[in-house]
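**Q** Residue numbers (the UniProt record's numbering), protein chains in the order written: chain X, 1 to 257; chain S, 1 to 257; chain U, 1 to 257; chain G, 1 to 257. Just so it is clear, CB atoms sit at the ideal spot from N, CA and C, and this is done for glycine as well. Owing to the predicted nature of the structure, the values given are computational and were not obtained by experimental measurement. I have a structure here, written as structure tokens, and I will follow up with some questions on it.
4 protein chains.
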Amino acid sequence: MANSKYEYVRQFERENRLLPDIWLVVRIDGQGFHKFSAAHNFEKPNDIRALQLMNHCAQKVFDHIADIRLAYGESDEYSFVFRKNSTYYNRRECKLISSVVSLFTSCYVLYWSQYFPDQALKYPPSFDGRVVCYPCDKHLRDYLNWRQVDCHINNLYNTTFWALVKSGKTETEAEETLRGTFSADKNEILFSQFGTNYNNLPPIFRKGSIILQDFVEVESNDKHGNPVVKRKKKTVVIHEDLIKQKFWNQRSFLLDP
Amino acid sequence: MANSKYEYVRQFERENRLLPDIWLVVRIDGQGFHKFSAAHNFEKPNDIRALQLMNHCAQKVFDHIADIRLAYGESDEYSFVFRKNSTYYNRRECKLISSVVSLFTSCYVLYWSQYFPDQALKYPPSFDGRVVCYPCDKHLRDYLNWRQVDCHINNLYNTTFWALVKSGKTETEAEETLRGTFSADKNEILFSQFGTNYNNLPPIFRKGSIILQDFVEVESNDKHGNPVVKRKKKTVVIHEDLIKQKFWNQRSFLLDP
Amino acid sequence: MANSKYEYVRQFERENRLLPDIWLVVRIDGQGFHKFSAAHNFEKPNDIRALQLMNHCAQKVFDHIADIRLAYGESDEYSFVFRKNSTYYNRRECKLISSVVSLFTSCYVLYWSQYFPDQALKYPPSFDGRVVCYPCDKHLRDYLNWRQVDCHINNLYNTTFWALVKSGKTETEAEETLRGTFSADKNEILFSQFGTNYNNLPPIFRKGSIILQDFVEVESNDKHGNPVVKRKKKTVVIHEDLIKQKFWNQRSFLLDP
Amino acid sequence: MANSKYEYVRQFERENRLLPDIWLVVRIDGQGFHKFSAAHNFEKPNDIRALQLMNHCAQKVFDHIADIRLAYGESDEYSFVFRKNSTYYNRRECKLISSVVSLFTSCYVLYWSQYFPDQALKYPPSFDGRVVCYPCDKHLRDYLNWRQVDCHINNLYNTTFWALVKSGKTETEAEETLRGTFSADKNEILFSQFGTNYNNLPPIFRKGSIILQDFVEVESNDKHGNPVVKRKKKTVVIHEDLIKQKFWNQRSFLLDP
Chain X
1 MANSKYEYVR
11 QFERENRLLP
21 DIWLVVRIDG
31 QGFHKFSAAH
41 NFEKPNDIRA
51 LQLMNHCAQK
61 VFDHIADIRL
71 AYGESDEYSF
81 VFRKNSTYYN
91 RRECKLISSV
101 VSLFTSCYVL
111 YWSQYFPDQA
121 LKYPPSFDGR
131 VVCYPCDKHL
141 RDYLNWRQVD
151 CHINNLYNTT
161 FWALVKSGKT
171 ETEAEETLRG
181 TFSADKNEIL
191 FSQFGTNYNN
201 LPPIFRKGSI
211 ILQDFVEVES
221 NDKHGNPVVK
231 RKKKTVVIHE
241 DLIKQKFWNQ
251 RSFLLDP
Chain S
1 MANSKYEYVR
11 QFERENRLLP
21 DIWLVVRIDG
31 QGFHKFSAAH
41 NFEKPNDIRA
51 LQLMNHCAQK
61 VFDHIADIRL
71 AYGESDEYSF
81 VFRKNSTYYN
91 RRECKLISSV
101 VSLFTSCYVL
111 YWSQYFPDQA
121 LKYPPSFDGR
131 VVCYPCDKHL
141 RDYLNWRQVD
151 CHINNLYNTT
161 FWALVKSGKT
171 ETEAEETLRG
181 TFSADKNEIL
191 FSQFGTNYNN
201 LPPIFRKGSI
211 ILQDFVEVES
221 NDKHGNPVVK
231 RKKKTVVIHE
241 DLIKQKFWNQ
251 RSFLLDP
Chain U
1 MANSKYEYVR
11 QFERENRLLP
21 DIWLVVRIDG
31 QGFHKFSAAH
41 NFEKPNDIRA
51 LQLMNHCAQK
61 VFDHIADIRL
71 AYGESDEYSF
81 VFRKNSTYYN
91 RRECKLISSV
101 VSLFTSCYVL
111 YWSQYFPDQA
121 LKYPPSFDGR
131 VVCYPCDKHL
141 RDYLNWRQVD
151 CHINNLYNTT
161 FWALVKSGKT
171 ETEAEETLRG
181 TFSADKNEIL
191 FSQFGTNYNN
201 LPPIFRKGSI
211 ILQDFVEVES
221 NDKHGNPVVK
231 RKKKTVVIHE
241 DLIKQKFWNQ
251 RSFLLDP
Chain G
1 MANSKYEYVR
11 QFERENRLLP
21 DIWLVVRIDG
31 QGFHKFSAAH
41 NFEKPNDIRA
51 LQLMNHCAQK
61 VFDHIADIRL
71 AYGESDEYSF
81 VFRKNSTYYN
91 RRECKLISSV
101 VSLFTSCYVL
111 YWSQYFPDQA
121 LKYPPSFDGR
131 VVCYPCDKHL
141 RDYLNWRQVD
151 CHINNLYNTT
161 FWALVKSGKT
171 ETEAEETLRG
181 TFSADKNEIL
191 FSQFGTNYNN
201 LPPIFRKGSI
211 ILQDFVEVES
221 NDKHGNPVVK
231 RKKKTVVIHE
241 DLIKQKFWNQ
251 RSFLLDP
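Encoded structure:
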């Protein structure tokens with residue numbers, strides 16, 4: 001239909017098909033989430049409800065698009081790793097970005113009330129997206145390492161910052177206290193002033209969230225009523241250190257083409 | 001922060017900056033809306049609530065992004081025309097697409113209950129997006145003409161098809177009746193069999209929806225209590241024929257750089 | 001042929017098709033021509049043989065590719081303007097660039113001896129190329145204006161610089177003399193110190209070279225032996241001011257789609 | 001200089017920087033070489049002078065651009081492999097293509113008379129170029145395999161075809177004889193009808209040409225006049241089978257990043 005004399009304008013459409021056989025990472029980021037989190041009273045330094053909502057949405061995207069091998073999230077961002085030889089939407093850049101960003105946003109609004117039952121959304125939140133190509137496994141792992149290091153550095157800073165503020169300092173004073181400090185300094189402040197051992201904080205805050213299909217042990221009964229344990233593939237959300245080689249040794253399938 | 005040894009992976013990011021001084025049209029489309037409209041019992045051939053929800057979302061996007069000069073919507077799609085010399089997000093393709101598609105989706109879910117108070121969303125709807133560059137005013141107008149002709153052709157077909165089905169034909173029979181027919185034939189079927197004058201149907205169905213800033217007459221009282229009429233710029237949603245030159249003569253500002 | 005199991009590697013090839021209905025300008029530039037011109041004893045500030053060789057090559061390219069509407073050259077660069085609706089090589093960027101740059105280079109070496117009969121090429125000269133898209137006639141004209149202004153500014157500087165050097169100054173002294181001077185100052189130096197009226201210098205140096213098809217008057221005899229003058233289209237190389245409106249008024253066909 | 005009000009037109013220039021850390025292959029192809037080889041009386045099925053001229057040009061390009069790791073040529077085409085982490089011209093696509101294609105063309109014309117001393121060029125030859133990105137070593141090797149298989153298939157066909165023609169068949173008859181034949185059939189025709197063992201033909205025809213830096217043994221005398229053999233790195237042109245693993249085992253440096 002619409003086979004009109006105006007249809008020639010379709011010739012102006014351009015498609016960027018991303019290279020075949022290369023890792024694709026779609027990363028989405030909250031737009032203006034500094035303001036959004038303030039307007040919706042997110043707890044500082046981390047709001048567990050907001051993180052769980054992010055994980056819920058990411059899991060929906062993960063389950064919807066079979067070609068996503070792994071997802072990693074921290075704060076208001078999430079990265080989705082498509083397998084190297086995915087042909088999802090023929091690897092068209094705009095389709096990949098807009099599909100992921102739209103479905104994620106849709107879930108964020110739809111499932112908001114499950115995590116924030118006491119307050120309605122004051123205005124529509126939104127996310128932007130991009131896709132990055134990584135030729136080798138090493139690049140992909142370094143990308144994920146980069147995001148997990150980012151999570152750690154931000155979280156350590158924010159945890160210390162808000163501890164100082166909650167203890168009575170102004171935000172400006174807290175900033176000055178932390179200027180030029182190293183990780184060890186912040187750990188020390190947390191421990192000596194607030195009795196907090198940073199490494200005992202919840203892993204979701206320190207490590208971010210990883211979504212993947214993993215084998216889990218499922219217990220059931222056999223026909224004689226005896227308990228049996230089976231290994232079954234299931235989408236899981238975990239909060240491990242993915243920088244270590246061990247993580248990948250245990251899940252070699254992640255890097256299979 | 002996150003100035004780690006892994007940060008080199010940012011070098012793999014690519015930005016496509018669209019040519020300066022050229023019309024940009026971001027078009028979003030519902031993904032799988034055939035299934036979505038069935039699952040949510042949209043009325044056939046047109047569901048006025050669904051169209052008004054689309055218009056609500058598009059108006060939010062229009063008001064949020066000052067560089068959008070005009071928007072045109074029909075069915076489950078909407079086109080947003082950015083002024084030629086817009087530097088929104090430095091004309092970065094991914095940012096433009098993801099921002100529009102995400103905000104639109106967010107609004108769709110957030111305002112859903114205003115238009116469908118009786119039924120909750122069964123699953124998260126999503127949209128994809130693209131951006132197209134048009135060098136000249138003629139191309140831009142032909143693009144909009146293309147979409148409005150598409151609206152007309154689809155609506156005339158669907159109106160006749162559903163009239164036949166509601167009158168007792170099966171969907172297959174209705175399809176066969178319409179195969180190979182011209183517009184005049186469908187108009188004739190509607191008039192002779194169903195007493196419907198197609199041109200009297202609501203313009204929102206026949207012409208789609210146009211969002212723009214227009215001068216409207218606002219009535220108020222002066223300090224003596226006498227009624228005065230002022231012309232004020234305001235976002236409006238109209239359902240006119242934009243193929244005709246008259247539409248553009250009345251709004252020459254639309255094509256200003 | 002070569003339908004082997006390795007042929008899948010073609011899937012990695014990417015084509016950038018430039019937008020339809022937009023001006024395309026392919027510009028080529030000599031690579032390392034500072035060194036090349038020194039090695040081949042080009043006269044300073046302008047070597048008429050080198051410029052005529054450039055024009056010869058550009059005319060070959062112009063005549064070979066029917067879709068080139070106009071070419072403009074100065075120094076060791078040449079710009080080729082393809083008509084807006086050209087479908088040459090399906091507007092594939094790499095094909096456009098490599099075809100023009102290769103044919104130009106080939107001519108440069110092949111016709112070298114016609115302009116430099118006394119010296120052989122010491123090593124193979126080369127050019128690089130790019131293509132730029134200009135949506136509107138105004139952009140295209142401003143592009144050409146930009147290059148012609150560049151020609152003028154460089155030529156005025158070089159003419160004055162080499163006059164100073166030839167009169168006995170060192171190159172460093174000449175540079176210092178010219179630092180911070182305006183056009184009027186350089187004109188004055190040329191006139192007062194060297195008796196040179198800049199505007200009387202050959203137009204090829206001051207204005208560069210323009211290649212186009214123009215109507216020229218061709219004289220012949222009719223069957224009675226009487227002289228007749230006919231207007232005929234012919235490729236010409238001219239050295240006019242293309243910034244002035246008059247240039248375009250006389251050749252309105254240049255901007256026709 | 002040329003800092004004029006027209007300089008804004010530079011904003012329309014676009015650069016495509018190819019992904020980092022990925023193999024780049026620039027391939028050039030003769031344009032219209034069917035006609036060119038006929039016009040210059042190339043011998044059939046292979047003209048050794050033409051192939052050696054190609055190799056001469058390719059070696060000049062290889063020696064000029066340090067980042068080229070290997071080059072492979074057959075017939076009127078040549079592929080240049082840049083090392084994965086090359087930053088030549090900042091990996092700008094147009095610069096890479098135009099530099100290689102221009103230098104190659106320049107050499108072709110400049111060195112023509114060394115290989116064809118008896119006939120001048122009738123018109124300027126030209127080449128087009130493209131660049132292709134290959135993420136993994138496997139892709140790169142399969143690319144080279146693809147070209148070498150192409151060389152073999154074409155050469156076997158052409159060798160048989162021209163043997164038939166030289167023996168008295170018309171070109172049409174030769175074509176018909178070869179239609180649908182497999183390699184074994186063509187080998188058999190060559191052997192039984194023309195006493196030619198295909199595998200004894202010169203490797204340059206059967207395998208194409210590979211340019212690389214290899215260790216060669218150089219004989220000289222030490223200070224006592226005794227002959228010594230040293231291994232030295234040198235650009236060489238070889239005609240080996242690069243599909244076999246052995247080729248790469250002997251030259252593992254080729255795939256080093």
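Taking contact to mean at least 3 C-beta pairs separated by less than 8 Å, is the segment 42-56 of chain S in contact with the segment 70-85 of chain S?
**A** yes
**Q** Taking 8 Å as the threshold (beta carbon to beta carbon), is G/P125 in contact with chain U?
**A** Within the fourth sequence, the letter at position 125 stands for residue 125 of chain G. With 8 Å as the cut-off, G/P125 counts as an interface residue toward chain U.
**Q** Please state if the CB of U/F12 and the CB of G/H139 are separated by a distance shorter than 8 Å.
**A** Position 139 of the fourth sequence holds residue 139 of chain G. Position 12 of the third sequence holds residue 12 of chain U. Yes.
**Q** Return the chain-ordered list of same chain residues with a C-beta closer than 7 Å to the C-beta of G/I204, the five sequence neighbours on each side being excluded.
**A** Numbered from its first residue, the fourth sequence carries residue 204 of chain G at position 204. Correct list, in chain order: L51 and H239.
**Q** For the alpha helix (DSSP H) that U/E13 lies in, which residues bound it at each end?
**A** For this step, residue 13 of chain U is matched to residue 13 along the third sequence. First-last for U/E13: undefined, no H or E at that position.
**Q** Taking 8 Å as the CB-CB cut-off, is S/L19 touching chain G?
**A** The residue labelled residue 19 of chain S in the question sits at position 19 within the second sequence. At least one CB atom of chain G sits nearer than 8 Å to the CB of S/L19.
**Q** In angstroms with no decimal places, state the Cα-to-Cα distance between S/E164 and S/N187.
**A** To locate residue 164 of chain S, count along the second sequence from 1; it is residue 164. To locate residue 187 of chain S, count along the second sequence from 1; it is residue 187. Here residue 164 of chain S turns out to be Leu, not Glu, going by the sequence shown. Between S/L164 and S/N187, the C-alpha separation is close to 13 Å.
**Q** Does any CB atom of chain X fall closer than 8 Å to the CB of G/P135?
**A** Here residue 135 of chain G refers to the residue found at position 135 when the fourth sequence is read from its first residue. Yes, its Cβ sits closer than 8 Å to a Cβ of chain X.
**Q** Run the CB neighbour count on S/P227, radius 10 Å, all protein chains shown included, and call it buried at 16 or more, exposed below.
**A** As a working note, residue 227 of chain S is residue 227 in the second sequence. With fewer than 16 Cβ atoms within 10 Å of its Cβ, S/P227 is classed as exposed.
**Q** Does U/R91 pass the burial test, meaning 16 or more other C-beta atoms within 10 Å, or should it be called exposed?
**A** Walking along the third sequence from the start, residue 91 of chain U turns up at place 91. Result: buried.
**Q** For X/I97, decide whether its Cβ has a neighbour in chain G, counting only Cβ atoms nearer than 8 Å.
**A** Counting from 1 along the first sequence, the entry for residue 97 of chain X is found at position 97. Not one chain G Cβ lies under 8 Å of X/I97.
**Q** Consider the Cβ of S/I65: report whether some Cβ of chain U lies at a distance smaller than 8 Å.
**A** Along the second sequence, one-based indexing puts residue 65 of chain S at 65. Taking Cβ atoms only, chain U never reaches closer than 8 Å to S/I65, which makes this a no.
**Q** Would X/E240 count as contacting chain S if we go by Cβ distances under 8 Å?
**A** For the purposes of this step, residue 240 of chain X is taken as residue 240 along the first sequence, with counting starting at 1. False, the Cβ-Cβ gap to chain S never drops below 8 Å.
**Q** Between the UniProt domain "tRNAHis guanylyltransferase catalytic" (6-135) of chain X and chain G, which residues of the former have CB atoms less than 7 Å from a CB of the latter, in chain order?
**A** L19, D21, I22, C133 and P135
**Q** Which first and last residues belong to the alpha helix (DSSP H) in which X/L190 is found?
**A** Against the first sequence, residue 190 of chain X aligns to sequence position 190. For X/L190, the enclosing alpha helix (DSSP H) begins and ends at S183 to F194.
**Q** What is the rounded straight-line gap between the Cα of X/S167 and the Cα of G/Y89?
**A** By 1-based counting over the first sequence, the position of residue 167 of chain X is 167. By 1-based counting over the fourth sequence, the position of residue 89 of chain G is 89. Rounded to the nearest angstrom, the two C-alpha atoms are 55 Å apart.
**Q** Among S/P202, S/L201, S/Y157 and S/T172, which one has its Cα closest to the Cα of S/T181?
**A** What you label residue 181 of chain S is simply residue 181 of the second sequence in a count that begins at 1. It is S/Y157 whose Cα lies nearest to the Cα of S/T181.
**Q** Using the C-alpha atoms, what's the distance from S/T160 back to S/Q193?
**A** If you number the second sequence from 1, residue 193 of chain S lands on position 193. If you number the second sequence from 1, residue 160 of chain S lands on position 160. The alpha-carbon atoms of S/Q193 and S/T160 are separated by roughly 10 Å.
**Q** Strictly below 8 Å CB to CB, what residues from chain S border X/D142?
**A** Against the first sequence, residue 142 of chain X aligns to sequence position 142. Correct list: Y6, Y8 and V9.
**Q** Which residues bound the beta strand (DSSP E) around G/T235?
**A** Numbered from its first residue, the fourth sequence carries residue 235 of chain G at position 235. Per DSSP, G/T235 belongs to the beta strand (DSSP E) from P227 to I238.
**Q** Is X/D128 helix, strand or coil when you go by DSSP?
**A** Sequence index remark: in the first sequence, residue 128 of chain X carries index 128 (1-based). Strand.
**Q** How many angstroms separate the CA atom of U/V61 from the CA atom of S/K35?
**A** Counting from one through the third sequence, the residue named residue 61 of chain U turns up at place 61. Counting from one through the second sequence, the residue named residue 35 of chain S turns up at place 35. U/V61 and S/K35: Cα-Cα distance of roughly 56 Å.
**Q** Compare the C-beta of G/N145 against all C-beta atoms of chain U and say whether one is closer than 8 Å.
**A** As a first step, residue 145 of chain G is located in the fourth sequence; it is residue number 145 there, counting from the start. Closer than 8 Å to the CB of G/N145 there is at least one CB belonging to chain U.
**Q** What residue range does the alpha helix (DSSP H) around U/H101 cover?
**A** Counting from 1 along the third sequence, the entry for residue 101 of chain U is found at position 101. What sits at residue 101 of chain U in the sequence shown is Val, not His. Looking at the DSSP string, the run of the alpha helix (DSSP H) that includes U/V101 is E93 to L110.
**Q** Could you pull the DSSP bridge partners for U/I204 from this structure?
**A** As a position in the third sequence, residue 204 of chain U is number 204, starting the count at 1. According to DSSP, which records beta bridges pairwise, U/I204 is partnered with nothing at all.
**Q** So with CB distances below 9 Å, who are the chain U contacts of G/V216?
**A** Here residue 216 of chain G corresponds to residue number 216 of the fourth sequence, with the count starting at 1. Result: empty, since nearest Cβ-Cβ is about 25 Å, beyond 9 Å.
**Q** Please confirm whether S/K84 and S/D21 have their CB atoms less than 8 Å apart.
**A** Within the second sequence, the letter at position 84 stands for residue 84 of chain S. Within the second sequence, the letter at position 21 stands for residue 21 of chain S. In this structure, S/D21 lies closer than 8 Å to S/K84 by Cβ.
**Q** Could you check the C-alpha separation between U/L53 and U/W112 for me, to the nearest Å?
**A** Locating residue 53 of chain U in the third sequence gives position 53, where the first residue counts as 1. Locating residue 112 of chain U in the third sequence gives position 112, where the first residue counts as 1. Roughly 7 Å between the two C-alpha positions.
**Q** If you follow the beta strand (DSSP E) that G/V26 is part of, which residue opens it and which one closes it?
**A** Taking the first residue of the fourth sequence as position 1, residue 26 of chain G is located at position 26. Per DSSP, G/V26 belongs to the beta strand (DSSP E) from W23 to G30.
**Q** In this structure, does DSSP put X/S75 in helix, strand or coil?
**A** Here residue 75 of chain X corresponds to residue number 75 of the first sequence, with the count starting at 1. In this structure, X/S75 counts as coil in the three-state DSSP scheme.
**Q** Give the DSSP-derived three-state secondary structure of X/A2 in the structure shown.
**A** Residue 2 of chain X sits at position 2 when you count from the first residue of the first sequence. Summary for X/A2: the model assigns pLDDT 46, below 50, so the residue's position carries little reliability; its value from the coordinates is reported in the next sentence. Coil, per DSSP.
**Q** With C-beta atoms as the reference, is X/K230 less than 8 Å away from X/Q213?
**A** Looking up residue 230 of chain X in the first sequence gives position 230. Looking up residue 213 of chain X in the first sequence gives position 213. No, the pair does not count as a contact, with Cβ atoms beyond the cut-off.
**Q** Can you tell me which of the three DSSP states G/L19 falls into?
**A** Locating residue 19 of chain G in the fourth sequence gives position 19, counting from the first residue. The answer is coil: DSSP assigns G/L19 none of H, G, I, E or B.
**Q** Might you give, ordered along the chain, the residues of its own chain that have their beta carbon closer than 6 Å to the beta carbon of S/A58, omitting 5 neighbours on each side?
**A** In the second sequence, residue 58 of chain S corresponds to position 58, counting from 1. Cβ neighbours of S/A58 beyond the five flanking positions: A71, G73, Y78 and I211.
**Q** Can you tell which of X/I153, X/F116 and X/F127 has the C-alpha that lies nearest to the C-alpha of X/R206?
**A** For this step, residue 206 of chain X is matched to residue 206 along the first sequence. Shortest Cα-Cα distance from X/R206 to any of X/I153, X/F116 and X/F127 involves X/I153.
**Q** Using the beta-carbon count (16 or more within 10 Å), is U/T105 buried or exposed?
**A** Walking along the third sequence from the start, residue 105 of chain U turns up at place 105. By the 16-neighbour rule on beta-carbons within 10 angstroms, U/T105 is buried.
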